[in-house]
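Peer 1: Take a look at this one; I'll ask things after.
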Amino acid sequence: MNQYVITVDFWCEQRTKVHYGGVTIHTFTEEHGFQVFVLACKPKDLPSQSEYNIRIFTDKILESYDLDLKVTFFIRIGCSAHFINKIIEHSLCKKDIDCDVIQQLFNNIHDIVVYLRSSSNQSKLSKKLQLFSKPRWNSAHAMICSFIDVFPELACVSTDKD
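Residue 376 in the numbering used here sits at position 161 of the sequence shown, with consecutive numbering throughout.
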(Lines of atoms letter the chains of each structure in order from A; the text may use other names.)
(Lines give C-alpha, C1' and ligand atoms only; values in the text may rest on other atoms or scores of the structure.)
Protein backbone atom coordinates (compact mmCIF):
# COMPACT_ATOMS: atom_id res chain seq x y z
CA MET A 216 0.00 0.00 0.00
CA ASN A 217 1.75 3.14 -1.24
CA GLN A 218 -0.80 5.81 -0.46
CA TYR A 219 -3.31 6.00 2.33
CA VAL A 220 -5.13 8.42 4.56
CA ILE A 221 -5.37 7.99 8.32
CA THR A 222 -8.29 9.21 10.42
CA VAL A 223 -8.11 9.44 14.19
CA ASP A 224 -11.01 10.05 16.54
CA PHE A 225 -11.28 10.30 20.32
CA TRP A 226 -14.36 10.13 22.51
CA CYS A 227 -15.45 9.40 26.05
CA GLU A 228 -17.96 6.69 26.92
CA GLN A 229 -20.33 8.61 29.18
CA ARG A 230 -21.39 5.82 31.52
CA THR A 231 -17.90 4.51 32.36
CA LYS A 232 -15.97 7.74 31.64
CA VAL A 233 -13.38 5.69 29.73
CA HIS A 234 -11.67 7.63 26.94
CA TYR A 235 -11.15 5.81 23.65
CA GLY A 236 -9.15 6.40 20.52
CA GLY A 237 -9.80 4.96 17.10
CA VAL A 238 -7.58 4.85 14.02
CA THR A 239 -8.77 3.95 10.53
CA ILE A 240 -6.90 3.69 7.27
CA HIS A 241 -8.42 4.63 3.90
CA THR A 242 -6.93 3.58 0.60
CA PHE A 243 -7.87 3.23 -3.05
CA THR A 244 -6.62 0.76 -5.64
CA GLU A 245 -7.82 0.05 -9.15
CA GLU A 246 -8.21 -3.62 -8.26
CA HIS A 247 -10.21 -3.25 -5.03
CA GLY A 248 -11.55 0.31 -5.20
CA PHE A 249 -12.02 2.37 -2.04
CA GLN A 250 -11.34 0.46 1.17
CA VAL A 251 -11.50 1.42 4.82
CA PHE A 252 -10.04 -0.62 7.67
CA VAL A 253 -10.24 -0.05 11.41
CA LEU A 254 -6.71 -0.43 12.73
CA ALA A 255 -7.54 0.14 16.38
CA CYS A 256 -10.26 1.11 18.79
CA LYS A 257 -8.88 1.08 22.30
CA PRO A 258 -8.79 2.98 25.58
CA LYS A 259 -6.67 6.10 25.27
CA ASP A 260 -3.89 6.28 27.82
CA LEU A 261 -2.61 9.76 26.95
CA PRO A 262 -2.81 12.72 29.34
CA SER A 263 -4.36 15.09 26.78
CA GLN A 264 -5.35 15.41 23.13
CA SER A 265 -2.43 17.64 22.21
CA GLU A 266 -0.95 17.28 18.73
CA TYR A 267 2.08 15.56 20.22
CA ASN A 268 0.02 12.99 22.13
CA ILE A 269 -2.25 12.29 19.16
CA ARG A 270 0.84 11.67 17.03
CA ILE A 271 2.29 9.26 19.65
CA PHE A 272 -1.02 7.38 19.87
CA THR A 273 -1.29 7.15 16.08
CA ASP A 274 2.35 6.21 15.49
CA LYS A 275 2.18 3.31 17.97
CA ILE A 276 -0.83 1.86 16.19
CA LEU A 277 0.65 2.34 12.71
CA GLU A 278 3.95 0.75 13.79
CA SER A 279 2.09 -2.41 14.80
CA TYR A 280 1.05 -2.72 11.11
CA ASP A 281 4.49 -1.70 9.74
CA LEU A 282 3.03 1.59 8.53
CA ASP A 283 4.25 5.10 9.21
CA LEU A 284 3.47 8.71 8.49
CA LYS A 285 6.54 9.84 6.59
CA VAL A 286 5.03 13.11 5.48
CA THR A 287 4.79 16.18 7.65
CA PHE A 288 1.63 17.49 6.01
CA PHE A 289 -1.51 17.06 8.07
CA ILE A 290 -4.99 18.48 7.82
CA ARG A 291 -7.22 18.57 10.85
CA ILE A 292 -10.90 18.43 10.00
CA GLY A 293 -13.25 18.61 12.92
CA CYS A 294 -16.22 16.32 13.24
CA SER A 295 -19.21 17.78 11.39
CA ALA A 296 -21.63 16.25 13.91
CA HIS A 297 -19.82 18.07 16.73
CA PHE A 298 -20.01 21.33 14.79
CA ILE A 299 -23.75 20.89 14.24
CA ASN A 300 -24.26 20.00 17.90
CA LYS A 301 -22.42 23.19 18.97
CA ILE A 302 -24.47 25.31 16.57
CA ILE A 303 -27.71 23.86 17.96
CA GLU A 304 -26.53 24.34 21.55
CA HIS A 305 -25.54 27.94 20.74
CA SER A 306 -28.91 28.72 19.13
CA LEU A 307 -30.83 27.21 22.07
CA CYS A 308 -28.79 28.63 24.94
CA LYS A 309 -26.93 31.79 23.93
CA LYS A 310 -28.64 35.05 24.82
CA ASP A 311 -28.90 38.07 22.51
CA ILE A 312 -28.67 36.18 19.22
CA ASP A 313 -32.22 36.81 17.98
CA CYS A 314 -33.50 33.26 18.44
CA ASP A 315 -36.11 34.18 21.05
CA VAL A 316 -38.99 32.08 19.69
CA ILE A 317 -37.02 28.84 19.41
CA GLN A 318 -35.31 29.49 22.75
CA GLN A 319 -38.67 30.03 24.46
CA LEU A 320 -40.03 26.81 22.97
CA PHE A 321 -36.91 24.93 24.07
CA ASN A 322 -37.11 26.42 27.58
CA ASN A 323 -40.80 25.48 27.83
CA ILE A 324 -40.01 21.89 26.84
CA HIS A 325 -37.12 21.86 29.32
CA ASP A 326 -39.35 23.14 32.14
CA ILE A 327 -42.02 20.51 31.41
CA VAL A 328 -39.40 17.75 31.32
CA VAL A 329 -37.86 18.92 34.61
CA TYR A 330 -41.30 19.01 36.25
CA LEU A 331 -42.36 15.59 34.97
CA ARG A 332 -39.06 13.96 35.90
CA SER A 333 -39.29 15.31 39.44
CA SER A 334 -42.88 14.19 39.94
CA SER A 335 -44.61 10.85 40.01
CA ASN A 336 -45.95 11.62 36.53
CA GLN A 337 -42.74 10.39 34.86
CA SER A 338 -43.65 6.81 35.77
CA LYS A 339 -47.01 7.19 34.00
CA LEU A 340 -45.33 7.87 30.66
CA SER A 341 -44.45 5.15 28.16
CA LYS A 342 -40.91 6.46 27.78
CA LYS A 343 -38.41 8.10 30.11
CA LEU A 344 -37.92 11.77 29.33
CA GLN A 345 -34.34 12.80 28.66
CA LEU A 346 -33.04 16.02 30.19
CA PHE A 347 -30.80 18.53 28.40
CA SER A 348 -27.31 18.93 29.82
CA LYS A 349 -24.71 21.10 28.06
CA PRO A 350 -21.77 18.75 28.67
CA ARG A 351 -23.68 15.72 27.42
CA TRP A 352 -23.34 15.14 23.69
CA ASN A 353 -26.56 15.53 21.71
CA SER A 354 -28.73 15.93 24.80
CA ALA A 355 -30.83 18.77 23.33
CA HIS A 356 -31.88 16.44 20.52
CA ALA A 357 -32.49 13.58 22.96
CA MET A 358 -34.68 15.77 25.18
CA ILE A 359 -36.77 17.13 22.30
CA CYS A 360 -37.22 13.65 20.74
CA SER A 361 -38.25 12.07 24.05
CA PHE A 362 -40.71 14.93 24.61
CA ILE A 363 -42.23 14.51 21.13
CA ASP A 364 -42.57 10.75 21.71
CA VAL A 365 -44.66 11.21 24.88
CA PHE A 366 -46.44 14.41 23.85
CA PRO A 367 -49.78 12.65 23.10
CA GLU A 368 -49.74 11.25 26.66
CA LEU A 369 -49.17 14.61 28.38
CA ALA A 370 -52.81 15.74 28.44
CA CYS A 371 -53.80 12.72 30.54
CA VAL A 372 -50.75 12.88 32.78
CA SER A 373 -50.87 16.62 33.44
CA THR A 374 -54.51 16.51 34.56
CA ASP A 375 -53.88 13.69 37.05
CA LYS A 376 -53.50 14.74 40.67
CA ASP A 377 -50.20 13.77 42.30
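Quick reminder that beta carbons are idealized off the backbone N, C-alpha and C, glycines included.
Residue 216: buried (16+ other C-beta within 10 angstroms of its C-beta) or exposed?
Peer 2: Start at 1 with the first residue of the sequence shown, and residue 216 comes out as number 1. With fewer than 16 Cβ atoms within 10 Å of its Cβ, residue 216 is classed as exposed.
Peer 1: To the nearest angstrom, how far is the alpha carbon of residue 367 from that of residue 338?
Peer 2: On the sequence shown, residue 367 is found 152 positions in, with the first residue counted as 1. On the sequence shown, residue 338 is found 123 positions in, with the first residue counted as 1. When rounded, the distance between both Cα atoms is 15 Å.
Peer 1: With DSSP collapsed to three states, give me the class of residue 285.
Peer 2: Walking along the sequence shown from the start, residue 285 turns up at place 70. Coil at residue 285, not helix or strand.
Peer 1: What is the residue span of the beta strand (DSSP E) that residue 224 lies within?
Peer 2: On the sequence shown, position 9 is the one that residue 224 refers to. Start and end: 220-228.
Peer 1: So what's residue 377 in DSSP terms, helix, strand or just coil?
Peer 2: Residue mapping note: residue 377 aligns to position 162 of the sequence shown, counting from 1. Because the pLDDT at residue 377 is just 48, under 50, the model does not fix this residue reliably, and the value given afterwards should be weighed accordingly. Residue 377: coil per DSSP, three-state reduction.
Peer 1: Could you spell out the range, first to last residue, of the beta strand (DSSP E) harbouring residue 235?
Peer 2: Taking the first residue of the sequence shown as position 1, residue 235 is located at position 20. First-last of the beta strand (DSSP E) with residue 235: 233-244.
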